[in-house]
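Chains as they are written, first to last, in my numbering: chain A, 5 to 119; chain B, 18 to 130. Note that the Cβ used here is the ideal one computed from N, Cα and C, for glycine as well. Worksheet: the structure to be examined is printed underneath.
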Amino acid sequence: EAQVTQNPRYLITVTGKKLTVTCSQNMNHEYMSWYRQDPGLGLRQIYYSMNVEVTDKGDVPEGYKVSRKEKRNFPLILESPSPNQTSLYFCASRSTSGRAGDTQYFGPGTRLTVL
Amino acid sequence: AQSVAQPEDQVNVAEGNPLTVKCTYSVSGNPYLFWYVQYPNRGLQFLLKYITGDNLVKGSYGFEAEFNKSQTSFHLKKPSALVSDSALYFCAVSFYNTDKLIFGTGTRLQVFP
């Protein structure tokens, strides 16, 4: 089954404790992206990657890091989480054959709480 | 600036009645328009998209949307709502030669029995 998976699905942590949220897709997509969803703000892009070893900032990159060492994986790293990073996070992927017209497929989400 | 507006935070409709969830956009150039749905505790699921061609697009679960270039709108519609359609709906827009998908703030649809 074609899918985007994320782990963990739920995470409660404390300020300053480094964490990683994993994302993996099995559709051989070149493009992957991370979003955060906050009430009243919709989804905002954190980082994206056009392919292996190619990453770029989205609209709200502060406090986050990413890496793309393999095509299928795109982990999101919070080096020193803060309470304002409490949010619902989504990973997404799409092919780049049609660029912007291709559909993005989303993972199930990771609900992060930073105390 | 490129943007998407969903003017209603919530839409309430009785089961069996038609529903409309509104979306307007502002982009330079020709837009690619998407609708996604988020059920409670679930990820975003793709419903439908408009790239080019026929202005009326049909998607999953009986939903459809009409692209109106003059009004810069892409409203989501369904002829007969079901209680199971209750969810959070997001409109999103992209455009040629960009890697960005811009989302609206979402509209919560509540269908009452």
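task = Classify Q7/A as helix, strand or coil using the three-state DSSP reduction.
result = Counting from 1 along the first sequence, the entry for residue 7/A is found at position 3. In the structure shown, Q7/A sits in coil (DSSP, three-state: anything other than H, G, I, E or B).
ask   = Residues of chain A with a CB under 9 Å from the CB of R125/B: which are they?
value = On the second sequence, position 108 is the one that residue 125/B refers to. Neighbours of R125/B on chain A: none; closest Cβ ~10 Å, over 9 Å.
task = Pull up the DSSP beta-bridge partners for T24/A, would you.
result = Here residue 24/A refers to the residue found at position 20 of the first sequence. Bridge partners of T24/A: I81/A.
request  = Below 8 Å on the Cβ atoms is my guess for L126/B versus S103/B; work out the distance and round it to an integer in Å.
outcome  = Residue mapping note: residue 126/B aligns to position 109 of the second sequence, counting from 1. Residue mapping note: residue 103/B aligns to position 86 of the second sequence, counting from 1. The Cβ separation is near 6 Å, so the contact holds.
ask   = If you draw a straight line from the alpha carbon of A98/B to that of E83/A, how long is it in whole angstroms?
value = Here residue 98/B is taken as the residue at index 81 of the second sequence, counted from 1. Here residue 83/A is taken as the residue at index 79 of the first sequence, counted from 1. When only Cα atoms are considered, A98/B and E83/A end up about 45 Å apart.
According to DSSP, residues forming a beta bridge with R115/A = For the purposes of this step, residue 115/A is identified with residue 111 of the first sequence, where counting begins at 1. R115/A pairs with Y14/A and L92/A.
ask   = Taking the DSSP output, what are the residues bridged to Q62/B?
value = In the second sequence, the residue the question calls residue 62/B occupies position 45. BP columns for Q62/B point to V54/B.
request  = May I ask you to list, following chain order, the residues of the segment 49 to 73 of chain A that have a beta carbon less than 7 Å from some beta carbon of chain B?
outcome  = For the segment 49 to 73 of chain A, which is checked against every Cβ of chain B, the residues closer than 7 Å are Q49, Y52 and M54.
message = Helix, strand or coil for V74/B? Go by DSSP, reduced to three states.
response = Stepping through the second sequence from its first residue, residue 74/B is reached at position 57. It is a strand residue.
ask   = Cβ of T122/B less than 8 Å from any chain A Cβ?
value = Sequence index remark: in the second sequence, residue 122/B carries index 105 (1-based). Cβ-Cβ to chain A under 8 Å: yes for T122/B.
task = Kindly list, in the order they appear in chain A, the residues whose Cβ is closer than 8 Å to that of K66/B.
result = On the second sequence, position 49 is the one that residue 66/B refers to. Those are G105 and T107, listed as they occur along chain A.
message = For a quick check, are the C-beta atoms of G123/B and A22/B less than 8 Å apart?
response = The residue labelled residue 123/B in the question sits at position 106 within the second sequence. The residue labelled residue 22/B in the question sits at position 5 within the second sequence. No, Cβ-Cβ distance for G123/B and A22/B is not below 8 Å.
request  = Use the C-beta contact count for V18/A: other C-beta atoms within 10 angstroms, 16 or more gives buried, fewer gives exposed.
outcome  = Taking the first residue of the first sequence as 1, we reach residue 18/A at position 14. So V18/A ends up on the exposed side.
task = List the residues of chain B that L80/A touches, going by C-beta distances under 8 Å, in chain order.
result = In the first sequence, residue 80/A corresponds to position 76, counting from 1. Near L80/A there are no residues of chain B at all, since even the closest Cβ is about 15 Å away, more than 8 Å.
query = Could one say the Cβ of G132/B lies closer than 8 Å to chain A's Cβ atoms, at least one of them?
reply = Here chain B covers residues 18 to 130 and nothing more, so residue 132/B does not appear.
request  = Could you tell me which chain A residues have their CB closer than 9 Å to the CB of F63/B, listed as they occur along the chain?
outcome  = One-based indexing of the second sequence puts residue 63/B at position 46. The answer, in chain order, is T107, Q108, Y109 and F110.
query = From the DSSP output, which residues share a beta bridge with Y67/B?
reply = Taking the second sequence and counting its residues from 1, the one referred to as residue 67/B is at position 50. DSSP output for Y67/B lists L50/B as bridge partner(s).
request  = Under the assumption that R98/A contacts Y35/A (Cβ atoms under 8 Å), give the Cβ distance between them as a whole number of angstroms.
outcome  = In the first sequence, the residue the question calls residue 98/A occupies position 94. In the first sequence, the residue the question calls residue 35/A occupies position 31. So it is a contact: roughly 5 Å between Cβ atoms.
query = Comparing the C-beta of K117/B with each C-beta of chain A, is any distance below 8 Å?
reply = In the second sequence, counting from the first residue as 1, residue 117/B sits at position 100. Answer yes: the Cβ-Cβ gap between K117/B and chain A drops below 8 Å somewhere.
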